[in-house]
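Chains as they are written, first to last, in the working numbering: chain R, 1 to 424; chain S, 1 to 424.
Where a beta carbon is used, it is the ideal one built from N, C-alpha and C, also for glycine.
There are 2 protein chains.
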Amino acid sequence: MSSLQDQIHHIGKNARAASRALARLDSKTKNAVLVAMADELIVRLPDILEANAADVAEAEKNGLTKASIDRLRLNEKRVADMADGIRQVASLPDPVGEILRDWTQPSGIQLQKIRTPIGVIGIIYESRPNVTADAAVLCIKTGNAVILRGGSEALASNLAIAKALQAGGFNAGLPDYSVQLIPTKDREAVKIMAAMDQFMDVIIPRGGHSLIEAVVAAARMPVIKHYDGICHVFVDRAADHRMALDIALNAKCQRPGVCNAMETLLVHRDIASEFFQLASPELSKNQVELVADPAAHQILAALGYPKLREADESSFRTEWLDLILSVRIVETLAAAIDHIEIFGSHHSDAIVTNNEASAQEFLASVDSATVYWNASTRFTDGGEFGFGAEIGISTDKLHARGPMGLEELTTYKYLIRGNGQVRK
Amino acid sequence: MSSLQDQIHHIGKNARAASRALARLDSKTKNAVLVAMADELIVRLPDILEANAADVAEAEKNGLTKASIDRLRLNEKRVADMADGIRQVASLPDPVGEILRDWTQPSGIQLQKIRTPIGVIGIIYESRPNVTADAAVLCIKTGNAVILRGGSEALASNLAIAKALQAGGFNAGLPDYSVQLIPTKDREAVKIMAAMDQFMDVIIPRGGHSLIEAVVAAARMPVIKHYDGICHVFVDRAADHRMALDIALNAKCQRPGVCNAMETLLVHRDIASEFFQLASPELSKNQVELVADPAAHQILAALGYPKLREADESSFRTEWLDLILSVRIVETLAAAIDHIEIFGSHHSDAIVTNNEASAQEFLASVDSATVYWNASTRFTDGGEFGFGAEIGISTDKLHARGPMGLEELTTYKYLIRGNGQVRK
């Protein structure tokens with residue numbers, strides 16, 4: 001047995017023990033813990049910025065991209081935002097203990113289905129050090145112990161943040177080992193975590209495809225995957241063209257690098273010429289490069305669209321995460337639904353139409369976490385859903401689908417009260 | 001690529017296609033399909049019994065135990081019971097389409113969280129051929145395609161049952177490939193199924209520890225495990241002794257081979273002598289062998305308990321599934337809770353007490369799917385919970401915990417209706 005495995009199992013064992021104590025904390029204590037964590041982040045601001053400066057210096061030495069370094073960099077404002085985020089989570093209602101159902105059976109036993117913490121949650125993430133605080137506090141709020149594994153380039157920053165959370169929490173009554181961070185850059189740690197189902201109940205990987213793939217391959221416990229999205233907007237023949245264009249522009253351009261941004265625009269052939277006539281000047285003004293199927297390419301080329309190329313087999317399976325958009329003309333609503341089933345990632349897909357029957361057909365048939373009628377896919381977000389906080393957006397179907405808030409970090413158990421009932 | 005893999009992937013691909021059509025079937029059609037399946041089982045009774053006779057003959061030749069052969073054997077009554085079970089599922093309410101939540105956000109988008117089928121469910125089971133029908137119809141009722149993999153000793157029986165379900169369903173409008181059975185005894189099939197996450201959404205293994213272990217090791221998709229149970233009854237010092245004994249007798253003796261039977265009896269030291277004086281004649285009358293820790297052993301030996309031996313390290317981790325019972329005396333309520341945490345399997349655990357504070361402490365602290373106060377652990381069952389049907393009892397915490405009925409075979413999606421909303 002490697003000593004890395006020993007070390008990580010030790011972390012797991014301590015987390016399991018902490019989770020039992022955590023599950024019994026009342027809401028008031030948990031909220032006091034969160035506020036103390038936020039306060040301690042501010043107290044330790046100099047330490048955090050110093051650690052972060054070391055990470056940034058090493059990242060620059062290692063030639064990381066400017067965008068990556070920007071994501072990594074902390075400053076006073078970013079740490080203050082982290083602390084504010086924690087205080088906001090403290091102010092949310094506690095889902096633990098909620099009675100989900102309450103009934104009596106003919107045998108006389110009284111049943112309650114109540115919401116409980118899951119136990120120990122592992123979170124594996126990349127890049128932004130603020131996830132260390134965000135993820136930890138959502139777990140603590142829901143009474144779960146958490147084992148964090150951040151990106152190797154942010155290790156010093158993450159350790160400094162975790163230390164602040166631990167110190168603040170400890171003073172306010174947080175059980176030891178409730179929040180732990182894997183203190184190594186060794187990638188083997190991910191596999192060891194994913195395999196220790198004796199100590200962890202679920203693992204949530206947030207990051208690139210290869211990270212998630214590594215977790216899925218090694219996991220012996222439930223994985224709630226946060227794959228990115230290949231999201232579609234379908235402009236039906238009965239669409240309001242202006243509305244369709246506004247939605248498309250928002251879904252593509254407002255923040256192209258996120259998972260709920262549109263990657264493919266599907267347009268009904270009956271209105272394709274007219275729609276592209278309206279759309280192409282504005283898409284072009286927004287610097288969007290179009291990757292078009294032959295039918296759309298013909299129309300767009302005739303309109304003189306400046307940044308245009310032909311789609312190939314892989315285009316419609318590509319998550320551009322950039323100002324690039326796949327475009328395809330479809331013959332029917334059914335063809336649009338089929339395209340989404342075949343090429344999509346079941347994240348967020350929209351239809352724009354004034355025909356209610358077509359909308360209902362789309363809403364019923366598209367098997368995605370979030371299906372839209374006449375709104376932008378960009379609304380797939382815990383905040384926009386009113387969840388108050390979000391640990392991410394699940395692309396899985398089991399346990400949690402779509403934006404994951406506090407409730408999605410809980411499970412349930414049945415409490416049964418009797419007066420001596422035995423089974424006949 | 002092996003041809004077995006090709007064959008199973010082909011089954012998976014067809015199931016995925018079927019699941020899309022199935023998800024759109026209305027409740028009336030699904031119920032008609034189920035009734036037609038039940039009818040066809042009766043029509044094909046001779047074929048089913050003939051196939052089963054061949055399985056039984058081979059099992060006898062292979063020297064299977066009498067109990068295994070009894071589980072395998074079908075007769076007219078058992079097939080009729082299967083058909084009745086199907087008709088009962090047809091009469092239950094359809095959970096698909098249920099609106100779980102309905103709200104509007106300040107942005108003006110209207111959100112609905114609605115219950116949907118999961119997609120394609122794989123079920124791996126052993127022994128009893130009736131599971132082929134039971135599991136298939138629960139999946140069809142909830143709009144899921146199902147891939148079944150039964151025990152190799154029941155292959156001919158399972159194929160005959162599946163054929164009847166397919167033929168009956170087809171006549172009533174069931175999409176092709178909605179119910180498929182893996183037609184091979186090759187154990188490799190289990191691994192191939194567990195790895196094909198492109199075609200299956202979840203896999204549910206029901207059977208022995210080694211089967212479940214093989215699935216967990218190979219799985220790339222969520223596994224809802226149905227491990228057996230190490231269930232406890234704790235007789236508190238404030239227990240009604242007669243009630244405690246009745247519950248213990250029921251939990252141990254009524255059906256010792258099932259997962260919700262008690263395996264360990266914990267007794268508070270303050271009342272241990274008195275309780276065992278009452279209990280030992282009745283436990284003895286029921287032929288229960290006791291495996292006792294030193295303190296309990298001393299008392300029971302003094303009482304002349306006939307079938308008594310000393311517990312060792314492994315006794316309290318053993319699922320006897322027989323008229324054998326581990327017995328331990330504990331000093332405190334907290335020690336009982338600790339014992340259950342360390343040695344239990346988080347399935348079903350009970351306290352017998354008249355002290356409400358102790359009961360509340362036990363209910364809150366024991367992290368099991370079902371926690372009882374003054375009732376037998378044998379009630380952990382979909383029927384006893386009023387679910388109408390059950391596909392099994394999950395020992396997992398994610399997605400489904402405890403008895404799994406129809407609702408637990410569904411997921412949800414969000415439908416969002418707007419009038420042109422874009423994200424700010």
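- For the segment 362-373 of chain R, residues whose beta-carbon sits nearer than 9 angstroms to a beta-carbon of chain S comprise L363, A364, S365, V366, D367, S368, A369, T370, V371, Y372 and W373.
- Excluding residues up to 5 positions away in sequence, G143 lie with their Cβ nearer than 7 angstroms to the Cβ of R:L25 in the same chain.
- Look at R:P205 here: in three-state DSSP terms it is strand.
- Scanning its chain for C-beta atoms nearer than 8 angstroms, with the 5 sequence neighbours on each side dropped, one finds around S:E126 the residues G150, G151, R206, G207, G208 and L211, in chain order.
- Between the alpha carbons of S:E341 and S:D367 lies a gap of roughly 7 angstroms.
- Using a 10 angstroms sphere on the CB of S:A400, the tally of other CB atoms reaches 16 or more, which defines it as buried.
- Spatial neighbours of S:I109 in its own chain (CB-CB distance under 8 angstroms, excluding positions within 5 residues in sequence) are listed in chain order as I416, R417, G418 and Q421.
- Annotated three-state conformation of R:V258 is coil, per DSSP.
- By the CB criterion at 7 angstroms, S:V233 and S:L290 fall outside the cutoff.
- Among the residues of chain R, those whose CB is under 7 angstroms from the CB of S:T411 are K397, L398 and R401, following chain order.
- In the DSSP secondary-structure assignment, R:M200 is not bridged to any residue.
- Its Cα nearest to that of S:K30, the residue S:G173 stands out among S:G392, S:E98, S:G173 and S:G402.
- Only those residues of the segment 244-271 of chain R whose C-beta falls short of 7 angstroms from the nearest C-beta of chain S are listed: D246, I247, N250 and Q254.
- Contact between the segment 258-274 of chain R and the segment 317-333 of chain R is present: three or more C-beta pairs spanning the two stretches fall below 8 angstroms.
- In the DSSP assignment, S:V352 falls within the beta strand (DSSP E) that extends over S348 to V352.
- Burial state of S:V43 is exposed, judged by a 10 Å Cβ sphere holding fewer than 16 other Cβ atoms.
- Judged by DSSP in its simplified three-state form, R:H268 adopts strand.
- Under the three-state reduction of DSSP output, S:T104 falls in the strand class.
- DSSP, read as helix, strand or coil, puts R:P93 in coil.
- Listed along the chain, the chain S residues whose CB falls inside 8 angstroms of the CB of R:V288 amount to none; the nearest CB is some 16 angstroms away.
- Every alpha helix (DSSP H) stretch that sits fully inside the segment 225-254 of chain S and reaches 4 residues is listed by chain position as 241-253.
- S:P222 counts as buried, since no fewer than 16 other beta carbons sit within 10 angstroms of its beta carbon.
- Shown here, S:L323 sits in coil according to DSSP, grouped into three states, outside any helix or strand.
- Under the DSSP assignment, S:K163 falls outside any beta strand (DSSP E), being part of the alpha helix (DSSP H) whose first and last residues are L155 to N171.
- Annotation for S:V223: no beta strand (DSSP E) segment contains it, and DSSP assigns it neither H nor E.
- Closest option to S:K141, judged by alpha-carbon separation, among S:E390, S:I161, S:R269 and S:N14: S:E390.
- Between R:R115 and the set R:P95, R:L49 and R:L74, the nearest pair of CA atoms involves R:P95.
- Any Cβ of chain S closer than 7 angstroms to the Cβ of R:Q5 would place that residue at the interface, and such an atom is absent.
- Secondary structure note for S:I109: it is in no alpha helix (DSSP H), with a DSSP letter that is neither H nor E.
- Interface criterion met: the Cβ of R:N419 is under 7 angstroms from a Cβ in chain S.
- Checking the DSSP bridge columns, you'll see S:R87 has no partner listed.
- S:G122 sits close to S:M193, with the two beta carbons spaced by under 7 angstroms.
- Annotation: S:A301 to S:G229 spans about 28 angstroms, alpha carbon to alpha carbon.
- Burial is judged here by how many other beta carbons sit within 10 angstroms of a residue's own beta carbon; R:E50 has fewer than 16 and is exposed.
- Classified as buried, R:H347 has 16 or more neighbouring CB atoms from the shown chains inside 10 Å of its CB.
- Per the DSSP secondary-structure output, S:G122 pairs in a beta bridge with S:I147 and S:I203.
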